[in-house]
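S.K.: Residue numbers (the numbering used here), protein chains in the order written: chain A, 1 to 339; chain B, 1001 to 1339. No residue lacks a Cβ here, since even glycine has one placed at the ideal position from N, Cα and C. Can you read through this structure? Questions will come right after.
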DNA sequence: ATTCGCAACGAAAACGGTTTCGTGTTAATA
DNA sequence: TATTAACACGAAACCGTTTTCGTTGCGAAT
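Written out as structure tokens, the structure is:
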């Protein structure tokens, strides 16, 4: 086991000072050509790599980005991570991923773990429990320490920082309008509790579309589930007791599950009933029939988040100017709606 | 913006030495009750947290685990990450996730980035390109430096380290046997190229099951796809030109996609043709019909990997003893096979 | 009065780099 | 010949901790 070689080792071996070695490896003008060549050759031979930790301590910059998300086993979030990684790695940053598991406490603990020097900034999406409690002191503390934060998707107005979201209201509006345009009148909505910023916005978009097209919003056609568990029982009851010719769901699981219910009840999709979901994941693509969805562009969201964060991290300026980027959702038409 | 307070700050403010502060905060016996109380109160008031980076430099331990996987947008790998996170976080470790994107070069780069002090050990699954090239020098270098490595799922015998896999051969065997027991005779296999360790093992299990039950292995019933892309064209051709009453697929996407093809051709599942896939993900659960699968227990795999790694990291011993844990796969019966 | 022991604290090295500011040597200039 | 500037390099501080090894001051024992 040959352990890592340090500047000190090289200096001792070549009988020069540590500073000379350091400068030589950075190709400093101060050092003579001969010495530089000798040192560089030696370093290459022994495969010298500077110790990241030491550099971090000196620079007070770690080149690590902390990502805290509610759930890692969720297609949307993984695409966001992919986007973050793509952009961050290209700029020499590593990504430290922590999942809050929708728990407020775990979110706080993870942030505290990372905030003590491990990372240069945070990219995060709020745990549902956090949105429910409406307590953002952990976020405020971090920003007050000067650690940049970018919030995506599940955001809050309570904390001042950069934000990236898609226009959820518009997305739901587009989906509902699509169904209305195809002559659907009895459009149901399966969503989650309103404390989730995204669900609230989507419900608004749904209402807006119906109202604007002179359709009454029938509250019995709206099912609000707790976000945590996919309650099959409730969906089943709802589906069987509600007359609908179209259903909008705030995620693909609700949609695909309900489609199956419909099919078992002898309904044809999309002839008798059509479906639109949110999140353009594998489930939508490979469902039978494939599911029309509002794509949230997770990867793009991740890239933009990373870009915004790294910009803040690397900017010397102390400007306290924050922006919110709103991405446009896209309707991906598949076989669960007509043509 | 109040930036982080350090030991030095406390020492200056309270007119004691840095060492006294450090000891007081660790409740050392050396320091008088009075002084300790004063220092601890001050630290609490100003919310002092030790700087992780400084501690890492001192201890030569980062409490970070590096995870390098082929793809982050993949259910199996995310469940593994979840398992790693769960175990690691409980022990105070952070998880740095890097995706190789199935690329050898990215795998090498990521490992080099992390190996220079950022992490205490690696948990990884090989990129398909790496398995194809059969080049593991980057892994060997890392282990020679004394950095522990745990390989999971996509492993190689070329490098000596701890390993965690499921018994892929057994899994495929179980699946094929299940179909045979139900009277299926013309069992197809949709898999990926043999250089992927798991695909090879699964193919072997499939062959073994057929042979043992006096069924001839018809090579024309085996489709080998490049792992990278899900080639719909090829699957379609294969499906339509091959007579089968059962299909075993090495992942859920292949299975679900092929099920849809079958249904469009008017076949009933599972009456006319039955399906079994690998990976127990959302796709299998919410497919219509739901898909019988060989569960790979990703989360468990992650937990075990993390446990093995942390054990190595924290053990002083220089023992060069490595083990390979083989998990038993489970057959999860759903509606794509008979009862 | 001297020595001893102990309690309570500080100085300094160490981790592995970067960087500023000397300093000694040589060669060019006055 | 004395001065000076450029060159090439080293010493040391610094980042924030931990930890070892002093070093005080003081009461007790001799």
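Which of the three DSSP states is assigned to residue 14 of chain A in this structure?
M.R.: Three-state DSSP puts residue 14 of chain A in a helix.
S.K.: Could you tell me which whole alpha helix (DSSP H) segments of length 4 or greater appear in the region 265-307 of chain A?
M.R.: Complete alpha helix (DSSP H) runs here, min 4: 282-286.
S.K.: Could you pull out every unbroken alpha helix (DSSP H) segment of at least 4 residues lying fully inside the region 1105-1141 of chain B, listed in chain order?
M.R.: Runs found: 1128-1133.
S.K.: Between the Cα of residue 1143 of chain B and those of B:1132, B:1335, B:1086 and B:1124, spot the shortest distance and give me the residue it belongs to.
M.R.: The candidate whose alpha carbon is nearest that of residue 1143 of chain B is B:1124.
S.K.: What are the boundary residues of the alpha helix (DSSP H) that includes residue 211 of chain A?
M.R.: Note, residue 211 of chain A: alpha helix (DSSP H), 197-212.
S.K.: Please classify residue 213 of chain A as buried or exposed, where buried requires at least 16 other C-beta atoms within 10 Å of its C-beta.
M.R.: By the neighbour-count rule (16 or more Cβ atoms within 10 Å), residue 213 of chain A is not buried but exposed.
S.K.: Of all Cβ atoms in chain A, is any one closer than 9 Å to the Cβ of residue 1075 of chain B?
M.R.: With 9 Å as the cut-off, residue 1075 of chain B counts as an interface residue toward chain A.
S.K.: Tell me whether residue 1326 of chain B is buried or exposed, calling it buried when 16 or more other Cβ atoms sit within 10 Å of its Cβ.
M.R.: Its Cβ having fewer than 16 others within 10 Å, residue 1326 of chain B is exposed.
S.K.: Along the chain, where does the beta strand (DSSP E) that runs through residue 1099 of chain B open and close?
M.R.: Taken as a continuous stretch (DSSP letters only), the beta strand (DSSP E) holding residue 1099 of chain B covers 1094-1099.
S.K.: If we define contact as Cβ-Cβ less than 9 Å, is residue 1144 of chain B a contact residue for chain A?
M.R.: Yes, because at least one Cβ of chain A sits closer than 9 Å to the Cβ of residue 1144 of chain B.
S.K.: Looking at residue 1295 of chain B: is its Cβ nearer than 9 Å to the Cβ of residue 1270 of chain B?
M.R.: Their beta carbons are not under 9 Å apart, which means residue 1295 of chain B does not touch residue 1270 of chain B by this criterion.
S.K.: Using the three-state DSSP reduction, which class does residue 69 of chain A fall into: helix, strand or coil?
M.R.: Correct three-state label for residue 69 of chain A: strand.
S.K.: Starting from residue 1246 of chain B, follow the alpha helix (DSSP H) in both directions and report where the run begins and ends.
M.R.: No alpha helix (DSSP H) contains residue 1246 of chain B, which is instead part of the beta strand (DSSP E) from 1246-1249.
S.K.: If you measure from the beta carbon of residue 1103 of chain B to each beta carbon in chain A, is any gap under 9 Å?
M.R.: It does not; no Cβ of chain A falls within 9 Å.
S.K.: Using the beta-carbon count (16 or more within 10 Å), is residue 1020 of chain B buried or exposed?
M.R.: Flag for residue 1020 of chain B reads buried.
S.K.: Report the rounded CA-to-CA distance for residue 18 of chain A versus residue 7 of chain A, giving the unit in angstroms.
M.R.: Going by the C-alpha atoms only, they are around 6 Å apart.
S.K.: Rounding to the nearest angstrom, what Cα-Cα distance links residue 341 of chain A and residue 264 of chain A in this structure?
M.R.: Residue numbering for chain A in the displayed model covers 1 to 339; residue 341 of chain A lies beyond these limits and cannot be assessed.
S.K.: Please state whether DSSP places residue 6 of chain A in a helix, a strand or coil.
M.R.: Three-state result, residue 6 of chain A: coil.
S.K.: DSSP three-state call for residue 215 of chain A: helix, strand or coil?
M.R.: Of the three classes helix, strand and coil, the one that applies to residue 215 of chain A here is coil, per DSSP.
S.K.: At what residues does the beta strand (DSSP E) containing residue 1325 of chain B begin and finish?
M.R.: Counting along the chain, the beta strand (DSSP E) containing residue 1325 of chain B begins and ends at 1324-1327.
S.K.: Mapping DSSP to helix, strand and coil, what is residue 231 of chain A?
M.R.: Of the three classes helix, strand and coil, the one that applies to residue 231 of chain A here is coil, per DSSP.
S.K.: By a C-beta neighbour count over all protein chains shown, 10 Å radius and 16 as the cutoff for buried, is residue 1162 of chain B buried or exposed?
M.R.: Looking at its Cβ environment, which holds 16 or more other Cβ atoms inside 10 Å, residue 1162 of chain B is buried.
S.K.: Give, in chain order, every unbroken run of the alpha helix (DSSP H) that is at least 4 residues long and sits entirely within the region 36-64 of chain A.
M.R.: Runs found: 52-59.
S.K.: Using a Cβ cut-off of 9 Å (strictly closer), state whether residue 1200 of chain B contacts chain A.
M.R.: False, the Cβ-Cβ gap to chain A never drops below 9 Å.
S.K.: Under 7 Å Cβ-Cβ, which residues of chain A neighbour residue 1236 of chain B?
M.R.: None at all; the shortest Cβ gap to chain A is about 14 Å.
S.K.: So that I know if they touch, is there some Cβ in chain B lying closer than 9 Å to that of residue 329 of chain A?
M.R.: False, the Cβ-Cβ gap to chain B never drops below 9 Å.
S.K.: Output needed for residue 1177 of chain B: all residues of its chain with C-beta closer than 8 Å, excluding positions within five of it in sequence on either side, in chain order.
M.R.: Around residue 1177 of chain B: 1209 and 1213.
S.K.: Whether or not the region 241-252 of chain A and the region 190-199 of chain A are in contact is what I'm after, with contact meaning three or more pairs of Cβ atoms, one per stretch, closer than 8 Å; do they touch?
M.R.: As far as the Cβ criterion goes, the region 190-199 of chain A touches the region 241-252 of chain A, which means the pair count is three or higher.
S.K.: Flag residue 304 of chain A as yes if its beta-carbon sits less than 9 Å from any beta-carbon of chain B, otherwise no.
M.R.: Residue 304 of chain A does not count as touching chain B.
S.K.: By Cβ distance, which residues of its chain are closer than 6 Å to residue 114 of chain A, with the 5 residues on each side in sequence left out?
M.R.: Closer than 6 Å at Cβ, skipping near neighbours: 66.
S.K.: Can you pull out the residues from the region 1259-1273 of chain B whose beta carbon lies closer than 8 Å to at least one beta carbon of chain A?
M.R.: Taking 8 Å as the Cβ-Cβ cut-off against chain A, the residues of the region 1259-1273 of chain B that qualify are 1259, 1260 and 1263.
S.K.: Hey, does residue 130 of chain A have any beta-carbon neighbour from chain B nearer than 9 Å?
M.R.: So, not an interface residue.
S.K.: Within 8 Å, do at least three Cβ pairs link the region 139-153 of chain A to the region 291-309 of chain A?
M.R.: Touching, yes, given that three or more Cβ pairs across the two stretches are closer than 8 Å.
S.K.: If you compare alpha carbons, which of B:1181, B:1182, B:1202 and B:1119 is closest to residue 1061 of chain B?
M.R.: Ranking B:1181, B:1182, B:1202 and B:1119 by Cα distance to residue 1061 of chain B puts B:1119 first.
S.K.: Could you pull out every residue in the same chain whose Cβ sits closer than 7 Å to the Cβ of residue 132 of chain A, ignoring the five residues on either side in sequence?
M.R.: Result list for residue 132 of chain A: 195, in chain order.
S.K.: So does the region 1093-1111 of chain B actually touch the region 90-100 of chain A, counting three or more Cβ pairs closer than 8 Å?
M.R.: Short answer: they touch.
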